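Adding 29 to a residue's 1-based position in the sequence shown gives its number in the working numbering.
Ideal placement from N, C-alpha and C gives every residue a C-beta, glycine not left out.
Model, not experiment: these values are computed from the prediction.
Inspection log for the structure reproduced underneath, given as structure tokens.
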Amino acid sequence: YHQIRGAAEDCHKTSFRTRYGSYEYLVMPFGLTNAPSTFQMTMNGIFRELLDKCVIIYVDDILIYRCSREQHLRDLDAVFTLLHKNRLITKGYKCDFLKQELEFFCHVVSTEGVKIDPKKIKTIQEWKPPTNIKKLQSFLGFVNYVRRFIPNMAGLSASPTDRLKDHDCFWWGEKQQAAFNQLKIALTSSPVLRISDPDRPYEFISDASDIAIGAVLLQDFGDGLQPVAYESRKLQGAETNYTVHDKEMLAIVHAFKTWRCYPTGADVTVRTDHRSLQYLRAQTESQPATDPMARFPRVESPLHHHLQTGVPTILPMP
């Protein structure tokens, strides 16, 4: 942050008093409400031409990636050129180069894909059953953070999540303990998720149950279909009263909305075990806006998708 010069007319807003006198920051200090967003915007502007091509930036963390060593070295040179041009200084002892695997925000990213940090898995294994609302919130918060690794996360966490409603009287029964144990097993045995390739076709497999909807995003990298991400959520409000047809449709809608950043412009195959969805394209915009079928045409319009119905899904029931 201290490498970002503060506007002269705003420096007085950062003034503070000490026993040696009053001082003002000439650079951006830590602790300001808009400091993180300002720094992120600055970094995005500097590396605009490289973003999502070979560089990912999260505040002061810069990830540089390529498949080939030669191109990676050229990317490093481009990054250091931009840093030097904009007078940004890096600390050598905080940098790692030519890594095949690295830790990044509770994840381990490697040439194989992305997985949960093994240190976090050990923490999960040692996690004791919650004894109050705050401890339950802490556990579910972490589970939600790594939800993309867990098939049927919404279904597994449904029972513990319901306990959050009882603020006055917390209790933990056998049903909640069983779900807690299942979540721990799912987290500790979570798969390695492959990094998506925009040049390859995608496949969604969706499913629905009485309490939740879910989907898995897959790609074939030459070794069969491999998971890129999992997604699920509980049915909310009136959604629990939907027919089986509409719940299955809602699962597809939710999958497209959740992963809209992945398949835009790519070929997508959608698999569902509900045969009646084969008439999807016959639905019209004249249906009520509350009907999930009426929302689907607007969701899928920019995508080249193929719908396969009545085929067995490999997705665990939500």
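Which residues mark the beginning and the end of the beta strand (DSSP E) in which F59 is found?
-> F59 -> no beta strand (DSSP E), and no H or E assigned at all.
For L216, which residues of its own chain have a beta-carbon under 6 Å away from its beta-carbon, when the five flanking residues on both sides are left out?
-> Around L216: I153.
Please classify M70: does DSSP put it in a helix, a strand, or coil?
-> helix
Supposed close pair A237, A280 - CB separation, criterion 8 Å | 5 Å
Find out if the Cβ-Cβ distance for the pair V56, R34 is shorter than 8 Å.
-> A contact, by the Cβ cut-off of 8 Å.
Span of the beta strand (DSSP E), counted from its first residue to its last, around H136 = DSSP places H136 in the uninterrupted beta strand (DSSP E) bounded by H136 to S139.
Straight-line Cα distance separating V273 from N115 = 57 Å
CA nearest to the CA of H41, picked from H31, R48, T47 and Y52 | Y52
Report the option in E260, I85 and W201 whose CA atom is closest to the CA atom of T160.
-> W201
Best match in D106, Q265, F285 and Y259 for proximity to D239 [C-alpha to C-alpha] = Q265
Please report the residue range of the alpha helix (DSSP H) in which P256 lies.
-> No alpha helix (DSSP H) contains P256, which is instead part of the beta strand (DSSP E) from L254 to K263.
Is the segment 178–193 close to the segment 103–115, with three or more CB pairs under 8 Å?
-> no
Please classify D90: does DSSP put it in a helix, a strand, or coil?
-> strand
Does DSSP put I242 in a helix, in a strand, or in coil?
-> strand
DSSP bridge partner residues for G50 (one or two, in chain order) | T47
Figure out for me which residue from E155, C135, Q129 and L185 has the closest Cα to the Cα of R98.
-> Q129
Going by alpha carbons, who is nearest to T62 out of Y122, Y49, F168 and T43?
-> T43
Touch check for the segment 131–147 and the segment 189–199: three-plus C-beta pairs under 8 Å?
-> No contact exists between the segment 131–147 and the segment 189–199.
So is A267 buried or exposed if we call it buried at 16+ other beta carbons inside 10 Å?
-> Answer is exposed; the Cβ neighbour count stays below 16.
Excluding five sequence neighbours on each side, which residues of the same chain lie with their C-beta closer than 8 Å to the C-beta of L185?
-> Closer than 8 Å at the Cβ level, and outside the excluded window around L185, lie I179, A208, Q211, L212 and A215.
Hey, how far is the Cα of A107 from the Cα of I93?
-> 10 Å
Run of the beta strand (DSSP E) containing D296, from where it starts to where it stops | For D296, the enclosing beta strand (DSSP E) has its first and last residue at D296 to R300.
Quick one, which of G60, H101, D39 and K144 has its alpha-carbon nearest I224's?
-> Restricting attention to G60, H101, D39 and K144, the CA atom closest to the CA of I224 is found in K144.
For the candidate residues N270, E260 and F233, whose alpha-carbon lies nearest to that of L254?
-> F233
How is D195 classed by DSSP in three states: helix, strand or coil?
-> coil
Exposure label - R48; buried when at least 16 CB within 10 Å | exposed
Distance between beta carbons of S235 and V353, contact taken as under 8 Å = Any answer about residue 353 is impossible in this case: the structure gives the chain only from 30 up to 347.
What span of residues does the alpha helix (DSSP H) with I150 cover, start to end?
-> P147 to Q154
Starting from D236 and walking both ways along the beta strand (DSSP E), at which residues does that stretch end?
-> Y231 to A237
Using three-state DSSP, classify V84 as helix, strand or coil.
-> Note: V84 maps to strand in three-state DSSP.
In chain order, which alpha helix (DSSP H) runs of at least 4 residues are fully inside the segment 162–226?
-> 162–174, 182–191 and 203–217
Return the first residue and the last residue of the alpha helix (DSSP H) that L131 is part of.
-> Element bounds for L131: not the alpha helix (DSSP H) but the beta strand (DSSP E), E130 to F133.
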